[in-house]
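For the sequence shown, full-length UniProt numbering assigns the number 1 to the initial residue and increments by one for each residue that follows. By construction, the Cβ of each residue, glycine as well, lies at the ideal position given by its N, Cα and C atoms. Source: prediction; values computed, not measured.
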Amino acid sequence: MTGLVTAIYDVGCALGAIIAFMFGEQIGRKRSIIFANIVVIIGASIQTASFEYWQMFVARIIGGIGVGFSTVAIPILQSETLPAHNRGALLVVQSALIIIGVALASWLCFACLYANSSLQWRFPVSCQILFSILVLSLSPWLCESPRWLAQRGRVDEAKNIISRLLDKPLDDEEVLGQLQEILDAIEAERNEEEPSWSEVFSNSTKTRNLHRVVLGMGPYMMNQWSGVNALCYYLAYILENYMGYSPSMALILASVAFTQYAVFSWPPYFYIDRIGRRWSVMLSSAGCAICMAIIAGGLSTNSFSSAAAAVAFIFLYLDCFTSGILPVSWSYSSEIQPLRVRNKATAVGVFSHWISNFVVVMVTPIGLDSIKGNYFWVWAVICASFVPLTYFFGVETSGRTLEQIDAMFFDEPRLLMGLNPENRRVVRGSKTDEEQRYRNMAHANEKEEVVMSERVSESN
1 MTGLVTAIYD VGCALGAIIA FMFGEQIGRK RSIIFANIVV IIGASIQTAS
51 FEYWQMFVAR IIGGIGVGFS TVAIPILQSE TLPAHNRGAL LVVQSALIII
101 GVALASWLCF ACLYANSSLQ WRFPVSCQIL FSILVLSLSP WLCESPRWLA
151 QRGRVDEAKN IISRLLDKPL DDEEVLGQLQ EILDAIEAER NEEEPSWSEV
201 FSNSTKTRNL HRVVLGMGPY MMNQWSGVNA LCYYLAYILE NYMGYSPSMA
251 LILASVAFTQ YAVFSWPPYF YIDRIGRRWS VMLSSAGCAI CMAIIAGGLS
301 TNSFSSAAAA VAFIFLYLDC FTSGILPVSW SYSSEIQPLR VRNKATAVGV
351 FSHWISNFVV VMVTPIGLDS IKGNYFWVWA VICASFVPLT YFFGVETSGR
401 TLEQIDAMFF DEPRLLMGLN PENRRVVRGS KTDEEQRYRN MAHANEKEEV
451 VMSERVSESN
(Lines of atoms letter the chains of each structure in order from A; the text may use other names.)
(Lines give C-alpha, C1' and ligand atoms only; values in the text may rest on other atoms or scores of the structure.)
Protein backbone atom coordinates (compact mmCIF):
# COMPACT_ATOMS: atom_id res chain seq x y z
CA MET A 1 0.00 0.00 0.00
CA THR A 2 2.94 2.33 0.66
CA GLY A 3 4.29 1.66 -2.81
CA LEU A 4 0.85 2.07 -4.40
CA VAL A 5 -0.11 5.41 -2.85
CA THR A 6 3.36 6.71 -3.70
CA ALA A 7 3.45 5.37 -7.25
CA ILE A 8 -0.17 6.13 -8.22
CA TYR A 9 0.93 9.73 -8.73
CA ASP A 10 2.97 8.49 -11.71
CA VAL A 11 -0.10 6.82 -13.19
CA GLY A 12 -1.78 10.23 -13.05
CA CYS A 13 1.24 11.73 -14.82
CA ALA A 14 0.96 9.06 -17.53
CA LEU A 15 -2.74 9.90 -17.95
CA GLY A 16 -1.75 13.56 -18.27
CA ALA A 17 0.59 12.60 -21.12
CA ILE A 18 -2.27 10.76 -22.84
CA ILE A 19 -4.50 13.85 -22.53
CA ALA A 20 -1.66 15.95 -23.97
CA PHE A 21 -1.40 13.45 -26.84
CA MET A 22 -5.08 13.98 -27.68
CA PHE A 23 -5.56 17.70 -27.05
CA GLY A 24 -2.18 19.39 -26.56
CA GLU A 25 -1.60 20.20 -30.23
CA GLN A 26 -5.00 21.88 -30.56
CA ILE A 27 -4.71 24.20 -27.56
CA GLY A 28 -1.02 25.10 -27.97
CA ARG A 29 1.99 25.12 -25.69
CA LYS A 30 1.14 28.16 -23.57
CA ARG A 31 -2.47 27.20 -22.80
CA SER A 32 -1.34 23.63 -22.06
CA ILE A 33 0.98 24.94 -19.33
CA ILE A 34 -1.81 27.09 -17.85
CA PHE A 35 -4.30 24.19 -17.88
CA ALA A 36 -1.74 21.83 -16.33
CA ASN A 37 -1.03 24.11 -13.37
CA ILE A 38 -4.74 24.64 -12.67
CA VAL A 39 -5.14 20.84 -12.47
CA VAL A 40 -2.08 20.60 -10.16
CA ILE A 41 -3.66 23.15 -7.80
CA ILE A 42 -6.93 21.19 -7.70
CA GLY A 43 -5.13 17.89 -7.02
CA ALA A 44 -2.83 19.37 -4.37
CA SER A 45 -5.77 21.06 -2.61
CA ILE A 46 -7.64 17.76 -2.33
CA GLN A 47 -4.46 15.98 -1.13
CA THR A 48 -3.94 18.61 1.57
CA ALA A 49 -7.53 18.22 2.76
CA SER A 50 -7.55 14.39 2.67
CA PHE A 51 -8.86 12.41 5.63
CA GLU A 52 -9.02 8.96 4.04
CA TYR A 53 -6.57 6.78 2.15
CA TRP A 54 -8.70 6.62 -1.00
CA GLN A 55 -9.24 10.38 -1.01
CA MET A 56 -5.46 10.82 -1.10
CA PHE A 57 -5.20 8.06 -3.71
CA VAL A 58 -7.59 9.82 -6.14
CA ALA A 59 -6.15 13.28 -5.41
CA ARG A 60 -2.64 12.12 -6.29
CA ILE A 61 -3.93 10.89 -9.66
CA ILE A 62 -5.50 14.31 -10.32
CA GLY A 63 -2.31 16.14 -9.36
CA GLY A 64 -0.30 13.75 -11.51
CA ILE A 65 -2.46 14.50 -14.55
CA GLY A 66 -1.48 18.16 -14.31
CA VAL A 67 2.23 17.35 -13.98
CA GLY A 68 2.10 14.85 -16.87
CA PHE A 69 0.42 17.43 -19.11
CA SER A 70 2.99 20.10 -18.26
CA THR A 71 5.96 17.77 -18.81
CA VAL A 72 4.83 17.41 -22.42
CA ALA A 73 4.22 21.10 -23.10
CA ILE A 74 7.20 22.69 -21.32
CA PRO A 75 10.10 20.87 -23.07
CA ILE A 76 8.41 21.44 -26.45
CA LEU A 77 7.96 25.17 -25.83
CA GLN A 78 11.56 25.43 -24.68
CA SER A 79 13.03 23.53 -27.63
CA GLU A 80 10.94 25.56 -30.10
CA THR A 81 11.92 28.96 -28.70
CA LEU A 82 15.58 28.53 -27.65
CA PRO A 83 18.55 29.28 -29.95
CA ALA A 84 20.37 26.28 -31.42
CA HIS A 85 23.90 27.23 -30.34
CA ASN A 86 23.13 26.95 -26.58
CA ARG A 87 19.76 25.23 -26.48
CA GLY A 88 21.15 22.32 -24.46
CA ALA A 89 22.62 24.61 -21.79
CA LEU A 90 19.34 26.48 -21.39
CA LEU A 91 17.36 23.23 -21.24
CA VAL A 92 19.59 22.17 -18.32
CA VAL A 93 17.84 24.86 -16.28
CA GLN A 94 14.58 22.87 -16.35
CA SER A 95 16.15 19.63 -15.10
CA ALA A 96 18.11 21.57 -12.45
CA LEU A 97 14.89 23.15 -11.15
CA ILE A 98 13.34 19.67 -10.88
CA ILE A 99 16.15 18.60 -8.55
CA ILE A 100 15.96 21.82 -6.54
CA GLY A 101 12.31 20.87 -5.99
CA VAL A 102 13.35 17.40 -4.78
CA ALA A 103 15.81 18.96 -2.30
CA LEU A 104 13.24 21.48 -1.05
CA ALA A 105 10.68 18.71 -0.57
CA SER A 106 13.12 16.63 1.45
CA TRP A 107 14.06 19.53 3.76
CA LEU A 108 10.37 20.40 4.20
CA CYS A 109 9.64 16.83 5.27
CA PHE A 110 12.48 17.01 7.80
CA ALA A 111 11.28 20.40 9.09
CA CYS A 112 7.83 18.93 9.75
CA LEU A 113 9.09 15.62 11.18
CA TYR A 114 8.44 16.55 14.82
CA ALA A 115 4.97 18.02 14.33
CA ASN A 116 2.56 16.01 16.48
CA SER A 117 -0.33 16.41 14.06
CA SER A 118 -1.26 15.99 10.41
CA LEU A 119 0.72 19.17 9.74
CA GLN A 120 3.65 16.75 9.40
CA TRP A 121 2.44 15.83 5.91
CA ARG A 122 -0.26 18.39 5.04
CA PHE A 123 2.12 21.36 4.91
CA PRO A 124 4.70 19.76 2.55
CA VAL A 125 1.90 18.54 0.27
CA SER A 126 0.25 21.98 0.18
CA CYS A 127 3.47 23.65 -1.02
CA GLN A 128 2.79 22.31 -4.52
CA ILE A 129 0.04 24.93 -4.76
CA LEU A 130 2.46 27.83 -4.21
CA PHE A 131 4.65 26.92 -7.16
CA SER A 132 1.73 26.43 -9.55
CA ILE A 133 0.31 29.80 -8.50
CA LEU A 134 3.74 31.31 -9.28
CA VAL A 135 3.68 29.79 -12.78
CA LEU A 136 0.12 31.03 -13.43
CA SER A 137 0.97 34.53 -12.22
CA LEU A 138 3.86 34.72 -14.73
CA SER A 139 2.03 33.07 -17.65
CA PRO A 140 0.71 36.38 -19.14
CA TRP A 141 4.34 37.13 -20.14
CA LEU A 142 4.87 33.67 -21.65
CA CYS A 143 5.02 33.59 -25.46
CA GLU A 144 3.48 30.95 -27.67
CA SER A 145 5.73 28.81 -29.87
CA PRO A 146 6.38 30.48 -33.25
CA ARG A 147 6.52 27.04 -34.88
CA TRP A 148 3.07 26.14 -33.52
CA LEU A 149 1.67 29.48 -34.75
CA ALA A 150 3.24 29.15 -38.20
CA GLN A 151 1.93 25.60 -38.57
CA ARG A 152 -1.59 26.98 -38.08
CA GLY A 153 -1.18 29.68 -40.70
CA ARG A 154 -0.65 32.47 -38.15
CA VAL A 155 2.57 33.54 -39.84
CA ASP A 156 2.43 37.21 -38.81
CA GLU A 157 2.07 36.22 -35.14
CA ALA A 158 4.95 33.76 -35.51
CA LYS A 159 7.09 36.47 -37.07
CA ASN A 160 6.27 38.83 -34.21
CA ILE A 161 7.26 36.19 -31.61
CA ILE A 162 10.57 35.50 -33.39
CA SER A 163 11.24 39.23 -33.44
CA ARG A 164 10.59 39.45 -29.70
CA LEU A 165 12.74 36.40 -28.92
CA LEU A 166 15.67 37.73 -30.96
CA ASP A 167 15.08 41.32 -29.85
CA LYS A 168 15.32 42.39 -33.50
CA PRO A 169 13.01 44.45 -35.78
CA LEU A 170 10.35 42.60 -37.76
CA ASP A 171 12.16 43.24 -41.05
CA ASP A 172 15.57 42.11 -39.75
CA GLU A 173 17.20 39.47 -41.96
CA GLU A 174 17.74 37.11 -39.01
CA VAL A 175 14.03 37.23 -38.18
CA LEU A 176 13.07 36.63 -41.81
CA GLY A 177 15.61 33.82 -42.19
CA GLN A 178 14.43 31.94 -39.09
CA LEU A 179 10.82 32.31 -40.15
CA GLN A 180 11.66 31.03 -43.63
CA GLU A 181 13.41 27.95 -42.23
CA ILE A 182 10.32 27.15 -40.15
CA LEU A 183 8.00 27.66 -43.14
CA ASP A 184 10.19 25.45 -45.34
CA ALA A 185 10.07 22.66 -42.74
CA ILE A 186 6.28 22.98 -42.50
CA GLU A 187 6.01 22.80 -46.28
CA ALA A 188 8.16 19.65 -46.35
CA GLU A 189 5.69 17.99 -43.93
CA ARG A 190 2.63 19.51 -45.57
CA ASN A 191 -0.58 17.58 -45.01
CA GLU A 192 -3.99 19.18 -44.67
CA GLU A 193 -5.30 16.77 -42.04
CA GLU A 194 -4.43 16.59 -38.35
CA PRO A 195 -1.84 13.85 -37.68
CA SER A 196 -3.50 10.56 -36.76
CA TRP A 197 -2.48 8.01 -34.15
CA SER A 198 -1.35 5.64 -36.92
CA GLU A 199 0.84 8.35 -38.50
CA VAL A 200 2.72 8.85 -35.22
CA PHE A 201 3.56 5.13 -35.09
CA SER A 202 4.48 4.72 -38.75
CA ASN A 203 7.63 5.08 -40.86
CA SER A 204 5.60 5.47 -44.06
CA THR A 205 6.57 9.13 -44.51
CA LYS A 206 10.07 10.54 -45.02
CA THR A 207 9.95 12.06 -41.53
CA ARG A 208 10.23 8.50 -40.08
CA ASN A 209 7.88 9.22 -37.19
CA LEU A 210 7.98 5.79 -35.51
CA HIS A 211 11.79 5.73 -35.58
CA ARG A 212 11.95 9.14 -33.92
CA VAL A 213 9.23 8.33 -31.38
CA VAL A 214 11.26 5.31 -30.20
CA LEU A 215 14.47 7.38 -30.11
CA GLY A 216 12.65 10.04 -28.09
CA MET A 217 11.35 7.43 -25.64
CA GLY A 218 14.89 6.17 -25.03
CA PRO A 219 16.26 8.93 -22.76
CA TYR A 220 12.91 9.24 -20.95
CA MET A 221 13.06 5.54 -20.09
CA MET A 222 16.77 5.73 -19.28
CA ASN A 223 15.83 8.38 -16.73
CA GLN A 224 13.66 5.87 -14.87
CA TRP A 225 15.36 2.55 -15.61
CA SER A 226 18.62 3.92 -14.28
CA GLY A 227 17.06 3.24 -10.86
CA VAL A 228 17.27 6.85 -9.74
CA ASN A 229 13.79 6.86 -8.23
CA ALA A 230 14.48 3.65 -6.35
CA LEU A 231 16.77 6.00 -4.40
CA CYS A 232 14.95 9.36 -4.64
CA TYR A 233 11.58 8.04 -3.44
CA TYR A 234 12.98 5.69 -0.80
CA LEU A 235 16.39 7.05 0.20
CA ALA A 236 15.35 7.92 3.76
CA TYR A 237 13.61 4.52 4.01
CA ILE A 238 16.77 2.71 2.82
CA LEU A 239 19.02 4.64 5.19
CA GLU A 240 16.75 3.89 8.14
CA ASN A 241 15.88 0.26 7.47
CA TYR A 242 19.00 -1.10 5.76
CA MET A 243 21.75 0.99 7.34
CA GLY A 244 20.38 1.44 10.86
CA TYR A 245 20.10 5.24 10.94
CA SER A 246 17.46 6.95 13.11
CA PRO A 247 14.47 8.53 11.29
CA SER A 248 15.82 12.05 11.84
CA MET A 249 19.38 11.16 10.71
CA ALA A 250 18.00 9.30 7.69
CA LEU A 251 16.01 12.38 6.64
CA ILE A 252 19.01 14.67 7.22
CA LEU A 253 21.28 12.47 5.10
CA ALA A 254 18.63 12.20 2.37
CA SER A 255 18.14 15.97 2.37
CA VAL A 256 21.89 16.57 2.17
CA ALA A 257 22.13 14.06 -0.70
CA PHE A 258 19.35 15.83 -2.62
CA THR A 259 20.93 19.23 -1.95
CA GLN A 260 24.20 17.99 -3.42
CA TYR A 261 22.13 16.48 -6.25
CA ALA A 262 20.67 19.94 -6.93
CA VAL A 263 24.10 21.61 -6.87
CA PHE A 264 25.56 19.09 -9.35
CA SER A 265 22.60 19.53 -11.72
CA TRP A 266 24.11 22.86 -12.87
CA PRO A 267 27.56 21.87 -14.29
CA PRO A 268 25.99 20.37 -17.50
CA TYR A 269 25.02 23.96 -18.35
CA PHE A 270 28.69 24.58 -19.17
CA TYR A 271 29.50 21.45 -21.19
CA ILE A 272 26.38 19.78 -22.63
CA ASP A 273 26.59 21.81 -25.86
CA ARG A 274 30.37 21.27 -26.08
CA ILE A 275 30.61 17.49 -25.69
CA GLY A 276 27.08 16.81 -26.95
CA ARG A 277 24.07 14.84 -25.77
CA ARG A 278 25.47 11.42 -26.72
CA TRP A 279 28.72 11.65 -24.72
CA SER A 280 26.87 13.25 -21.81
CA VAL A 281 24.57 10.20 -21.61
CA MET A 282 27.29 7.59 -22.17
CA LEU A 283 29.67 8.97 -19.54
CA SER A 284 26.81 9.49 -17.10
CA SER A 285 25.52 5.93 -17.64
CA ALA A 286 28.94 4.37 -17.11
CA GLY A 287 29.36 6.29 -13.84
CA CYS A 288 25.88 5.27 -12.67
CA ALA A 289 26.56 1.58 -13.43
CA ILE A 290 29.79 1.60 -11.39
CA CYS A 291 28.12 3.36 -8.45
CA MET A 292 25.12 0.99 -8.44
CA ALA A 293 27.45 -2.03 -8.41
CA ILE A 294 29.33 -0.64 -5.39
CA ILE A 295 26.06 0.24 -3.62
CA ALA A 296 24.85 -3.34 -4.14
CA GLY A 297 28.10 -4.73 -2.77
CA GLY A 298 28.03 -2.35 0.23
CA LEU A 299 24.47 -3.28 1.18
CA SER A 300 25.08 -7.02 0.86
CA THR A 301 27.27 -7.15 3.99
CA ASN A 302 26.37 -6.00 7.49
CA SER A 303 29.33 -3.85 8.50
CA PHE A 304 29.82 -0.18 9.27
CA SER A 305 32.51 0.30 6.60
CA SER A 306 30.41 -1.28 3.83
CA ALA A 307 27.37 0.80 4.85
CA ALA A 308 29.50 3.95 4.79
CA ALA A 309 30.77 3.06 1.32
CA ALA A 310 27.20 2.48 0.14
CA VAL A 311 26.12 5.91 1.45
CA ALA A 312 29.10 7.60 -0.24
CA PHE A 313 28.33 6.00 -3.59
CA ILE A 314 24.63 6.83 -3.32
CA PHE A 315 25.76 10.47 -3.19
CA LEU A 316 28.15 9.91 -6.09
CA TYR A 317 25.49 8.06 -8.11
CA LEU A 318 23.16 11.07 -7.92
CA ASP A 319 26.01 13.30 -9.15
CA CYS A 320 26.67 10.97 -12.11
CA PHE A 321 22.98 10.76 -12.99
CA THR A 322 22.42 14.50 -12.98
CA SER A 323 25.55 15.10 -15.07
CA GLY A 324 24.09 13.54 -18.23
CA ILE A 325 21.06 11.27 -18.17
CA LEU A 326 18.83 13.76 -16.37
CA PRO A 327 19.26 16.89 -18.53
CA VAL A 328 19.24 14.96 -21.81
CA SER A 329 16.13 12.95 -20.89
CA TRP A 330 14.00 16.08 -20.52
CA SER A 331 15.13 17.72 -23.77
CA TYR A 332 16.02 15.07 -26.33
CA SER A 333 12.55 13.92 -27.41
CA SER A 334 11.23 17.41 -28.11
CA GLU A 335 14.40 18.16 -30.10
CA ILE A 336 14.29 15.21 -32.50
CA GLN A 337 10.55 14.97 -33.24
CA PRO A 338 9.15 16.39 -36.51
CA LEU A 339 7.01 19.50 -36.02
CA ARG A 340 3.84 17.92 -37.41
CA VAL A 341 3.71 15.21 -34.70
CA ARG A 342 5.99 16.81 -32.09
CA ASN A 343 3.31 17.15 -29.42
CA LYS A 344 1.97 13.61 -29.88
CA ALA A 345 5.43 12.02 -30.16
CA THR A 346 6.72 13.83 -27.07
CA ALA A 347 3.57 12.79 -25.20
CA VAL A 348 4.37 9.15 -25.98
CA GLY A 349 7.86 9.62 -24.52
CA VAL A 350 6.48 11.32 -21.41
CA PHE A 351 3.93 8.51 -21.01
CA SER A 352 6.73 5.91 -21.12
CA HIS A 353 8.65 7.97 -18.55
CA TRP A 354 5.83 8.10 -16.00
CA ILE A 355 4.71 4.50 -16.49
CA SER A 356 8.31 3.39 -15.98
CA ASN A 357 8.43 5.58 -12.89
CA PHE A 358 5.28 3.89 -11.57
CA VAL A 359 6.76 0.41 -12.06
CA VAL A 360 10.08 1.33 -10.39
CA VAL A 361 8.44 3.01 -7.39
CA MET A 362 5.88 0.22 -7.02
CA VAL A 363 8.38 -2.66 -7.07
CA THR A 364 11.22 -1.07 -5.06
CA PRO A 365 9.79 -1.89 -1.59
CA ILE A 366 9.11 -5.44 -2.80
CA GLY A 367 12.58 -5.80 -4.32
CA LEU A 368 14.33 -4.48 -1.22
CA ASP A 369 12.28 -6.77 1.00
CA SER A 370 12.97 -9.84 -1.17
CA ILE A 371 16.63 -9.58 -2.21
CA LYS A 372 17.92 -6.73 -0.01
CA GLY A 373 20.97 -4.92 -1.38
CA ASN A 374 21.24 -7.27 -4.37
CA TYR A 375 18.30 -5.33 -5.80
CA PHE A 376 20.77 -2.66 -6.95
CA TRP A 377 22.67 -5.11 -9.18
CA VAL A 378 19.66 -4.92 -11.49
CA TRP A 379 20.14 -1.18 -11.95
CA ALA A 380 23.91 -1.57 -12.41
CA VAL A 381 23.40 -3.88 -15.39
CA ILE A 382 20.68 -1.72 -16.94
CA CYS A 383 22.77 1.46 -16.60
CA ALA A 384 25.70 -0.26 -18.30
CA SER A 385 23.46 -1.20 -21.26
CA PHE A 386 22.71 2.48 -21.94
CA VAL A 387 26.27 3.04 -23.24
CA PRO A 388 26.07 0.80 -26.37
CA LEU A 389 22.41 1.69 -26.95
CA THR A 390 23.27 5.40 -27.07
CA TYR A 391 26.35 4.87 -29.23
CA PHE A 392 24.63 2.78 -31.92
CA PHE A 393 21.18 4.37 -32.05
CA GLY A 394 21.47 7.98 -30.82
CA VAL A 395 21.84 11.04 -33.04
CA GLU A 396 23.60 14.21 -31.88
CA THR A 397 21.37 17.30 -31.59
CA SER A 398 23.83 19.78 -30.04
CA GLY A 399 24.21 22.98 -32.05
CA ARG A 400 21.63 22.02 -34.67
CA THR A 401 18.32 23.75 -35.28
CA LEU A 402 15.22 21.58 -35.09
CA GLU A 403 14.96 21.81 -38.87
CA GLN A 404 18.57 20.63 -39.32
CA ILE A 405 17.78 17.65 -37.09
CA ASP A 406 14.87 16.86 -39.41
CA ALA A 407 17.30 16.83 -42.34
CA MET A 408 19.37 14.03 -40.74
CA PHE A 409 16.38 11.72 -40.98
CA PHE A 410 15.38 13.00 -44.44
CA ASP A 411 18.81 12.56 -46.04
CA GLU A 412 20.26 9.27 -44.76
CA PRO A 413 17.71 7.31 -42.71
CA ARG A 414 18.93 4.08 -41.13
CA LEU A 415 18.16 2.09 -38.00
CA LEU A 416 21.63 2.50 -36.44
CA MET A 417 21.77 6.26 -36.90
CA GLY A 418 24.75 6.53 -34.56
CA LEU A 419 27.01 4.70 -37.03
CA ASN A 420 26.88 7.69 -39.41
CA PRO A 421 29.81 9.98 -38.43
CA GLU A 422 27.81 13.07 -39.43
CA ASN A 423 25.04 12.10 -36.99
CA ARG A 424 27.63 11.83 -34.19
CA ARG A 425 29.23 15.21 -34.89
CA VAL A 426 28.76 17.97 -32.33
CA VAL A 427 28.06 21.32 -34.02
CA ARG A 428 29.84 24.02 -32.02
CA GLY A 429 28.36 27.16 -33.51
CA SER A 430 28.32 30.60 -31.91
CA LYS A 431 25.53 33.14 -31.73
CA THR A 432 27.25 35.02 -34.58
CA ASP A 433 27.36 31.86 -36.75
CA GLU A 434 23.67 31.31 -36.14
CA GLU A 435 22.79 34.90 -36.99
CA GLN A 436 24.81 34.73 -40.23
CA ARG A 437 23.15 31.47 -41.22
CA TYR A 438 19.68 32.98 -40.93
CA ARG A 439 20.78 36.11 -42.80
CA ASN A 440 22.11 33.96 -45.64
CA MET A 441 18.82 32.09 -45.71
CA ALA A 442 16.90 35.36 -45.94
CA HIS A 443 19.13 36.50 -48.85
CA ALA A 444 18.65 33.17 -50.63
CA ASN A 445 14.89 33.48 -50.26
CA GLU A 446 14.96 37.02 -51.65
CA LYS A 447 16.92 35.83 -54.70
CA GLU A 448 14.40 33.03 -55.29
CA GLU A 449 11.55 35.53 -55.14
CA VAL A 450 13.33 37.82 -57.65
CA VAL A 451 13.93 34.92 -60.05
CA MET A 452 10.30 33.82 -59.77
CA SER A 453 9.02 37.35 -60.43
CA GLU A 454 11.31 37.65 -63.48
CA ARG A 455 10.01 34.36 -64.86
CA VAL A 456 6.43 35.53 -64.39
CA SER A 457 7.25 38.81 -66.17
CA GLU A 458 8.88 36.97 -69.08
CA SER A 459 5.91 34.63 -69.44
CA ASN A 460 3.53 37.61 -69.53
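Inclusion of H353 and Y220 in the CB contact set at 7 Å is warranted, their separation being smaller than that value. M441 sits buried, since 16 or more C-beta atoms from the chains shown fall within 10 Å of its C-beta. The three-state reading of DSSP puts P169 in coil, since its state is none of H, G, I, E or B. Around the Cβ of L419, a 10 Å sphere holds fewer than 16 other Cβ atoms; the residue is exposed. Residue burial annotation: P247 is exposed, with fewer than 16 other C-beta atoms found within 10 angstroms of its C-beta.
By the 16-neighbour rule on beta-carbons within 10 angstroms, L318 is buried. Put simply, the backbone Cα of T48 is about 31 Å away from that of V92. DSSP, read as helix, strand or coil, puts M243 in coil.
Inter-segment contact for the stretch 138-149 and the stretch 73-80 is present: three or more beta-carbon pairs are separated by less than 8 Å. Under the three-state reduction of DSSP output, M249 falls in the helix class. A residue is called buried once 16 or more other Cβ atoms fall within 10 Å of its Cβ, and N116, having fewer, is exposed. Pairing S95 with E187, the inter-Cα distance amounts to about 33 Å. Under the Cβ criterion (8 Å, minimum of three pairs), the stretch 201-221 counts as touching the stretch 328-337. Distance between F410 and G24, taken at the CA atoms: about 26 Å. Excluding its 5 nearest sequence neighbours in each direction, E403 has C-beta neighbours in its own chain below 6 Å: E181, A185, listed in chain order. By the criterion of a C-beta distance shorter than 6 Å, V125 is surrounded in its chain by Q47, T48, once the five residues flanking it on both sides are discounted.
The shortest CA-to-CA distance from R164 to any of I27, S32, G399, P83 is the one to P83. Exposure of I366 is indicated by the presence of fewer than 16 other C-beta atoms within 10 angstroms of its C-beta.
Taking C-beta atoms as the reference points, S329 and N209 fail to come closer than 7 Å.
For S303 and W225, the gap between their C-alpha atoms comes out near 29 Å.
Residue environment: R277 is assigned as buried (16 or more neighbouring CB atoms within 10 Å of its CB, all protein chains considered). The alpha carbon of A230 has as its nearest neighbour, out of K372, I27, Y53, S50, the alpha carbon of K372.
Ranking I61, Y438, T259 by CA distance to the CA of G16 puts I61 first. Distances from the alpha-carbon of L283 to those of F258, G324, Y237 put G324 closest. Between G429 and the set L138, L130, N86, the nearest pair of CA atoms involves N86. Around the Cβ of M1, a 10 Å sphere holds fewer than 16 other Cβ atoms; the residue is exposed. Residue state for Q337 is assigned as coil, using DSSP reduced to three classes. N440 carries a helical assignment under DSSP once its states are collapsed to helix, strand and coil. Taken in chain order, the stretch 16-40 contains no complete beta strand (DSSP E) segment of 3 residues or longer. In the DSSP assignment, N343 falls within the alpha helix (DSSP H) that extends over 342-371. In the DSSP assignment, E80 falls within the unbroken alpha helix (DSSP H) covering 53-81. Of the residues L90, M417, H211, H443, the one whose Cα lies closest to the Cα of P388 is M417. L179 and K159 have their C-alpha atoms some 6 Å from each other. The DSSP assignment places 325-329, 332-336 as complete runs of the alpha helix (DSSP H) inside the stretch 305-338, in order along the chain (cut-off: 4 residues). For K206, the three-state secondary structure derived from DSSP is coil. If the five residues before and after I161 are omitted, its C-beta is found closer than 6 Å to the C-beta atoms of C143, P146, all from its own chain and listed in chain order.
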